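K.L.:
In mature numbering (1 follows the signal peptide of the UniProt record, and there is no 0), the protein residues as written are -24 to -1, 1 to 694.
Here a beta-carbon is modelled for each residue, glycine too, at the ideal position from N, C-alpha and C.
Every value quoted in this text rests on a predicted model; they were computed, and no experiment measured them.
Dropping a structure here in C-alpha cells format, bear with me for questions.
Encoded structure:
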C-alpha cells in the first residue's frame, strides 16, 4: 500500500473511474495512391465487387472514362463514353441496389451543353440502357439553357435526378424521375419549387440525401432556404428548424446519421448535427478546427468523416458523435472531388488532379488513457494523470472548473470537495479521452485495485444532456443535448418549465453553491438528466431573496419563409399553458402561422395563460424585404375532424379538402411538448389518419398545418 502525504491523510481519495470512453480513435494511414497526371478532372469512385473500385473520370473538355481500381491500387481503364457527334460528359456516379452502376451528366454538342443524360451500367461497366431526354423548352428572352452538375438518388422503384442549369447569369435546378428501365416518368421536369428552372432564381443543388422519415432532403449552395425536404411527389417545404440558425450559410453536403436520428450538415460556415425536424443538436465552427469548404460527409457509427481544405491542402477529418474532433490527416494538394468509405473499412479520397489516395481503416487503441488522479481534499488540488500517447503536447479540461489548457492541475472549490462528480478530459493530436471522478473526503486509504476492467465502446446513440457553459457574472447557463432523436426540450425545476430553449438564467442568490438538476426530453419519449452545482470561485454574487417562478415570455422563434411563429415561455407551475394572438388564433398550442402580408413590420400582442394567470408581451415580425415568403394564403377550404373523443391509445382524424397538399399533424401534451408529429401527403379529397398516443391520460392538443393555414382540436385521452 502506498504511503500518503500528511495533507492527504486529512482526506482520502475515493475515485470512481468510468472507463467506458477511454478508447481513442487514431488517424488512418496512407496505403497507396494513384496519380494519373491528367488535366483537372471530375473524379468519382464507388465500391465494386471483389474489393475493387469503379471509377469515373471526366476532363474539363472531352468525354468521360470508366475505369477500375484494384484492391492494391492498380488503374485499369474500361472504356470511354461516346464523343462523336455528341460528347458525353459525366459528373455523377452511384452504385445501384442490383450491384451495377448509374452515371449522369451532360451531352455536349458544338461546345454547348444543352441536354442531359442518364446511363445504367451492369456490374462490369457495360451499358444496360442510356436515356437522353428532350431539352428544357426555351424561355422567351432568355438564352438557351446550359446544363451543369447532376445529382442521383435511387428510390425503391425509380431513380431521381437533379440537374443544375444556367441561363446567362441565372442558376437554377430541375428534377426528373426515371424508372428502372430508363423511361422518363410522367412526373417530368417539375421544378423544386415554382421559381426554379423557369424564373430568375439563384439557387443550385449541392447534395441529396434520403430523409430519415421518408422523402428526400435537398441541399442548396445558394439562396434563402438552404435545406428542403421534398416528398415522392413534388411538395417542397423547409424544415422548421432550418435555416433559421444559419443565415447566409450555404449547404455543401448532407447525410443521414447511422442511427437515423437526424442528419449531419456541412455548410459554408459550420458542420452540424440536426434532428429530423431540422433543429440543431450541435455544431462546430469550421474556423475553430482549422478547415474550410467541407466537400462530402460520411456518417459512421462513431461520428462523421469528411474531406475539406486546411491551409491550402486537402485534409481528411473526423468528428465524434458529439462533434468533438477525433483526428485529421493531410491528404494532398488540389481540390477534393469525392470521398468513399472503402469496402475494407478504410477511405478513398479522390481529387480533381486527378489522384486517388487509399487510407487504412482508423485504428481503435487504448494506449492513451487517463489514470487515477491525485486529489487533496484539504486544499482542493486535483492533478490529472495520463499514460501512453505519442509524446505530443496534451491538454486537459474539467467542465465547470476550467477550459482546455496544458496544465493538468485544477482547484476544486470547498463546496465541491466531497461528493461532486466531474468529467475529466484530455486530448492529444485531436484524440480526446475522458473518465468520471467523484470527490470524497475520509481518513483511510482505499485498497489498491486488483483487477483491470477492459475498455468498452460507449453506447453509440445514447441520449444525454450536458453543461455547455456557465457565466457566474450574468447567471447564464447553457446546456446541450447529444444524440437526440426528435425535437428536444429542457427544464430546470425552480428556474423554468419545459421549453425548447437550452439557455437558462440563474438568479443572483443561486449563482454559487446551488445544485440544479438539468433535464432534457425528446418528442419521441427519450429522457436524460444531469446535476450541476453553480460556482463562482472566490467572487461571491450578492444574495437576494428569491423572486418566485412567475410565468413569463421568452423570445419566440419566427421563420420568415413559412410564417411559423412558435411562442416560448418559462417559469410557471408546470401545468398546461395556452396561447393566443388576436388576429391569428384564439387559445391553443404554441405554434401560429403568420400570413405573408403580415411578415414585415407587423406587431402582434402575444398572450399566455396558466392556472388562471395571464401574461402578455409584444412581438414584431420583421422579415427582410428580399426574403422568400410562402405563397399568398387563400381562404381555408380544408377541415380536420376527430373521429371519436375521448380516445384511448390512438386517435383517428378525418382530413378533407387537401388533395395534393401536405398536412403536418402535431400532437402536444398539456405542457406543450410535442409527443407525435407526422407529415401526410394527401392523395385523395378525403383521408383518415391514425396517430398513436403513448402518453398518460389527460388533455392533448392536435394541430394541423397545411398551405400556411392551421387548425387545432383538443383531445382527451382516457
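Kindly indicate the opening and closing residues of the beta strand (DSSP E) around residue 232.
P.N.:
Segment 227 to 232, the beta strand (DSSP E) holding residue 232.
K.L.:
Rounded to the nearest angstrom, how far is the Cβ of residue 70 from that of residue 136, given a contact under 8 Å?
P.N.:
No, residue 70 and residue 136 are not in contact; Cβ-Cβ is about 11 Å, not under 8 Å.
K.L.:
Do you know how far the Cα of residue 463 is from the Cα of residue 533?
P.N.:
Each residue's Cα considered, the two are about 14 Å apart.
K.L.:
Give the straight-line distance between the Cα atoms of residue 699 and residue 130, rounded to the nearest whole angstrom.
P.N.:
There is no way to answer for residue 699, as the model of the chain reaches only from -24 to 694.
K.L.:
Rounded to the nearest angstrom, what separates residue 399 and residue 455 at their Cα positions?
P.N.:
Going by the C-alpha atoms only, they are around 15 Å apart.
K.L.:
What whole-angstrom Cβ distance do residue 508 and residue 492 have, given they're in contact under 8 Å?
P.N.:
Yes, they are in contact, since the Cβ atoms of residue 508 and residue 492 sit about 5 Å apart, within 8 Å.
K.L.:
Kindly list the residues whose CB is nearer than 6 Å to the CB of residue 596, restricted to its own chain and excluding five residues on each side of it in sequence; keep chain order.
P.N.:
The answer, listed in chain order, is 579.
K.L.:
Quick one: any contact between the region 268 to 285 and the region 313 to 322, if contact means 3 or more CB pairs under 8 Å?
P.N.:
Enough Cβ pairs lie closer than 8 Å, so yes.
K.L.:
Using only the alpha-carbon positions, how far apart do residue 82 and residue 20 sit?
P.N.:
Going from the Cα of residue 82 to the Cα of residue 20 covers about 16 Å.
K.L.:
Report, in whole angstroms, the separation of the C-beta atoms of residue 244 and residue 226, which I expect to be a contact under 8 Å.
P.N.:
Indeed they touch by this definition, with Cβ atoms about 4 Å apart.
K.L.:
Is the region 385 to 405 close to the region 321 to 333, with three or more CB pairs under 8 Å?
P.N.:
Taking 8 Å as the limit for Cβ pairs, the verdict is that the region 321 to 333 does not touch the region 385 to 405.
K.L.:
Excluding the 5 residues preceding and the 5 following residue 479 in the sequence, name in chain order all residues of the same chain whose CB lies nearer than 6 Å to its CB.
P.N.:
Taken in chain order, the residues that qualify are 454.
K.L.:
Check this for me: beta carbons of residue 229 and residue 272, under 8 Å apart or not?
P.N.:
A contact, by the Cβ cut-off of 8 Å.
K.L.:
Please state if the CB of residue 619 and the CB of residue 630 are separated by a distance shorter than 8 Å.
P.N.:
It is a contact, given that the beta carbons lie within the stated cut-off.
K.L.:
So, residue 188 versus residue 252, is the Cβ gap smaller than 8 Å?
P.N.:
Contact flag set, yes.
K.L.:
Assign residue 66 to one of two classes, buried (16 or more other C-beta atoms within 10 Å of its C-beta) or exposed (fewer than that).
P.N.:
By the 10 Å Cβ count, residue 66 comes out buried.
K.L.:
Got a sec? Which residues, its chain only, sit under 7 Å from residue 139 by beta carbon, not counting five neighbours each side?
P.N.:
Answer for residue 139: 92, 123, 126, 149, 150, listed in chain order.
K.L.:
Give the secondary structure of residue 609 by DSSP, where H, G and I count as helix, E and B as strand, and everything else as coil.
P.N.:
Its pLDDT being 40, under 50, residue 609 is placed unreliably in this model, and the coordinates cannot settle the point.
K.L.:
Start and end of the beta strand (DSSP E) containing residue 458?
P.N.:
First-last of the beta strand (DSSP E) with residue 458: 452 to 458.
K.L.:
Where does residue 474 land, buried or exposed, given buried means 16+ other C-beta within 10 angstroms?
P.N.:
Buried is the call here.
K.L.:
Note down, in chain order, each residue of its chain lying with its Cβ closer than 6 Å to the Cβ of residue 377, except the 5 sequence neighbours on either side.
P.N.:
So the list reads 386, once near-sequence residues are dropped.
K.L.:
For residue 423, collect the residues of the same chain with a Cβ closer than 7 Å to its Cβ; drop the 5 residues on either side in sequence, then sort them by chain order.
P.N.:
Caution applies to residue 423, whose pLDDT of 34 falls short of 50 and renders its modelled position unreliable; the value that the coordinates give is listed next. Around residue 423: no qualifying Cβ.
K.L.:
By DSSP's criteria, residue 350 is part of a beta bridge. Which residues make up the other side?
P.N.:
Per DSSP, 359.
K.L.:
Among 90, 30, 59, which one has its Cα closest to the Cα of residue 79?
P.N.:
Closest option to residue 79, Cα to Cα, is 30.
K.L.:
Using only alpha-carbon positions, find the residue among 24, 372, 202 that is nearest to residue 76.
P.N.:
The candidate whose alpha carbon is nearest that of residue 76 is 24.
K.L.:
In the region 650 to 681, which residue ranges form an unbroken beta strand (DSSP E) of at least 3 residues, counting only runs that do not cross its ends?
P.N.:
Here the runs fully enclosed are 650 to 657, 662 to 668.
K.L.:
For the candidate residues 184, 452, 567, 622, whose alpha-carbon lies nearest to that of residue 556?
P.N.:
It is 567 whose Cα lies nearest to the Cα of residue 556.
K.L.:
Tell me whether residue 89 is buried or exposed, calling it buried when 16 or more other Cβ atoms sit within 10 Å of its Cβ.
P.N.:
Buried, by the Cβ-count rule.
K.L.:
Roughly how many angstroms lie between the CA atoms of residue 68 and residue 96, to the nearest whole one?
P.N.:
Their backbone Cα atoms lie some 12 Å apart in a straight line.
K.L.:
Leaving out the 5 sequence neighbours to the left and right, which residues in its chain are closer than 6 Å to residue 562 when beta-carbon positions are compared?
P.N.:
Around residue 562: 556.
K.L.:
Distance, Cα to Cα, residue 260 vs residue 111?
P.N.:
C-alpha separation (whole angstroms): 42 Å.
K.L.:
Under the rule that 16 or more other beta-carbon atoms within 10 Å means buried, what is residue 299, buried or exposed?
P.N.:
Classification of residue 299: buried, given that the 10 Å Cβ count is 16 or more.
K.L.:
How about residue 329 and residue 275: are their beta carbons less than 8 Å apart?
P.N.:
The answer is no: Cβ separation not under 8 Å.
K.L.:
Whose C-beta lies closer than 7 Å to the C-beta of residue 660 among residues of the same chain, with five residues either side of it excluded?
P.N.:
Result list for residue 660: 635, in chain order.
K.L.:
Could you pull out every residue in the same chain whose Cβ sits closer than 8 Å to the Cβ of residue 381, ignoring the five residues on either side in sequence?
P.N.:
The answer, listed in chain order, is 371, 372, 373.
K.L.:
Three-state secondary structure (DSSP) at residue 281?
P.N.:
Correct three-state label for residue 281: strand.
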